[in-house]
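In the numbering used here, the protein residues as written are 23 to 322.
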């Protein structure tokens, strides 16, 4: 009897082992490997704060001032500094529509795109053209302004009455680094003596004011803002003429449209911006830019 019981127990253990190893014909249960999508891009505003980066030195798009007058907001990394300008006005509209607080970070121009790529800040609102090259690195919302490419010279310059870029031939010139104006506009001027690119818009304007160059190339709002600070300057606008800078329609569109950049795949933030910007017309943008130029500090 004991021998029979031992044989039965051994047989039962064998069956159990085969079952546990999937040795029978019943498929083993498939484990649940479903996990949240780890590739999804965080919007950055989960905390109710929109953190934007800009130079705070690119009037009338943005500038730094000493107080909160005219709706200026504190700069988080510049104690006692306040940011204002067209970019701030746009940011405040978007924040108001979405119930967000606004945080402004001041940084160099070359740090803007890398900063949104790494999530250091949520978005850049800094007068950036929506170029194809930038669009490979970041996503853009907007446009939030449609600009025109122009040149600026001194009132007493031999180039003050230029009617086309051909009339600027042989002149010394510069523009801001890493911009369409420096990389693609200035080289179209015959025999232009292109100097080292300026690190910032104020440096570009100072090069003209001090006579280091004969003229500069920039966009219309920057030029209009420059005349507030430097009334001895004049704008050379060749747009709509055969003497204008030449680009294909697609190239021109991408280089005169100003957008808000953010991390690739940040659809939540892009849609939030576009839902506000899509309700505004070019006339609305121009009116708001005129307000920015009107309150721009003389020192720019």
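For glycine and all other residues, C-beta sits at the position ideal for the given N, C-alpha and C.
Helix, strand or coil at residue 132 [DSSP, three-state]: Against the chain shown, residue 132 aligns to sequence position 110. Of the three classes helix, strand and coil, the one that applies to residue 132 here is helix, per DSSP.
Name the DSSP beta bridge partners of residue 142, please? Position 120 of the chain shown, counted from the start, is the residue given in the question as residue 142. Residue 142 is not bridged to any residue.
So residue 74 packs on residue 143, CB below 8 Å; how close in whole Å? Translated into positions along the chain shown, residue 74 becomes position 52. Translated into positions along the chain shown, residue 143 becomes position 121. With 8 Å as the limit, residue 74 and residue 143 qualify as a contact, their Cβ atoms being about 6 Å apart.
Between which two residues does the beta strand (DSSP E) carrying residue 75 extend? Start at 1 with the first residue of the chain shown, and residue 75 comes out as number 53. It spans 71 to 76 - the beta strand (DSSP E) in which residue 75 sits, taken as one unbroken run.
Quick one: what's residue 196 bridged to in DSSP? Sequence index remark: in the chain shown, residue 196 carries index 174 (1-based). DSSP output for residue 196 lists 238 as bridge partner(s).
Please list the terminal residues of the continuous alpha helix (DSSP H) segment that includes residue 190. Along the chain shown, one-based indexing puts residue 190 at 168. That residue, residue 190, is in no alpha helix (DSSP H); it is neither H nor E in DSSP.
According to DSSP, is residue 210 helix, strand or coil? Taking the first residue of the chain shown as 1, we reach residue 210 at position 188. Of the three classes helix, strand and coil, the one that applies to residue 210 here is helix, per DSSP.
Just to confirm, is the Cβ distance from residue 109 to residue 76 under 8 Å? Reading the chain shown from its first residue, position 87 is the one you call residue 109. Reading the chain shown from its first residue, position 54 is the one you call residue 76. Yes; because the gap between Cβ atoms is below 8 Å, this pair is in contact.
Touch test, the segment 154 to 164 against the segment 268 to 287, Cβ-Cβ under 8 Å, three pairs minimum: yes
Cutoff 6 Å; reference residue 137; Cβ partners in own chain excluding five residues on either side: Here residue 137 refers to the residue found at position 115 of the chain shown. 75, 143, listed in sequence order.
Whole-angstrom distance between residue 218 and residue 226, CA atom to CA atom: For the purposes of this step, residue 226 is taken as residue 204 along the chain shown, with counting starting at 1. For the purposes of this step, residue 218 is taken as residue 196 along the chain shown, with counting starting at 1. So the two alpha carbons sit approximately 10 Å from each other.
Is it true that the segment 147 to 155 meets the segment 255 to 269, where meeting means three or more beta-carbon pairs spaced less than 8 Å apart? no
Around the C-beta of residue 224, are 16 or more other C-beta atoms found within 10 angstroms, so that it is buried, or is it exposed? Position 202 of the chain shown, counting from 1, holds the residue named residue 224. Per the 10 Å Cβ criterion, buried.
Which first and last residues belong to the beta strand (DSSP E) in which residue 304 is found? In the chain shown, the residue the question calls residue 304 occupies position 282. Residue 304 -> not in any beta strand (DSSP E); alpha helix (DSSP H) instead, spanning 304 to 317.
I need the DSSP call for residue 228, collapsed to helix, strand or coil. As a position in the chain shown, residue 228 is number 206, starting the count at 1. Residue 228: helix per DSSP, three-state reduction.
Rounded to the nearest angstrom, what separates residue 72 and residue 117 at their Cα positions? On the chain shown, residue 72 is found 50 positions in, with the first residue counted as 1. On the chain shown, residue 117 is found 95 positions in, with the first residue counted as 1. Taking the straight line joining both Cα atoms gives about 7 Å.
Endpoints, the beta strand (DSSP E) within which residue 252 is located: Position 230 of the chain shown, counted from the first residue, corresponds to residue 252. Looking at the DSSP string, residue 252 is not in any beta strand (DSSP E), and its letter there is neither H nor E.
With the cut-off set at 8 Å, would you say residue 195 and residue 260 are in Cβ contact? As a first step, residue 195 is located in the chain shown; it is residue number 173 there, counting from the start. As a first step, residue 260 is located in the chain shown; it is residue number 238 there, counting from the start. Contact: no.
Please report how far the alpha carbon of residue 139 lies from the alpha carbon of residue 158, in whole angstroms. Within the chain shown, residue 139 is the residue found at index 117, counting from 1. Within the chain shown, residue 158 is the residue found at index 136, counting from 1. When rounded, the distance between both Cα atoms is 11 Å.
For residue 69, which option in 125, 99, 186 has the closest C-alpha, if you only look at C-alpha atoms? For the purposes of this step, residue 69 is taken as the residue at position 47 of the chain shown. Closest by alpha carbon: 125.
Close Cβ partners of residue 295 (< 6 Å) along its chain, the five nearest in sequence each way excluded: For this step, residue 295 is matched to residue 273 along the chain shown. 116, 163, 282.
Taking the beta carbon of residue 314 as the centre, do at least 16 other beta carbons fall within 10 Å, making it buried, or is it exposed? What you label residue 314 is simply residue 292 of the chain shown in a count that begins at 1. By the neighbour-count rule (16 or more Cβ atoms within 10 Å), residue 314 is buried.
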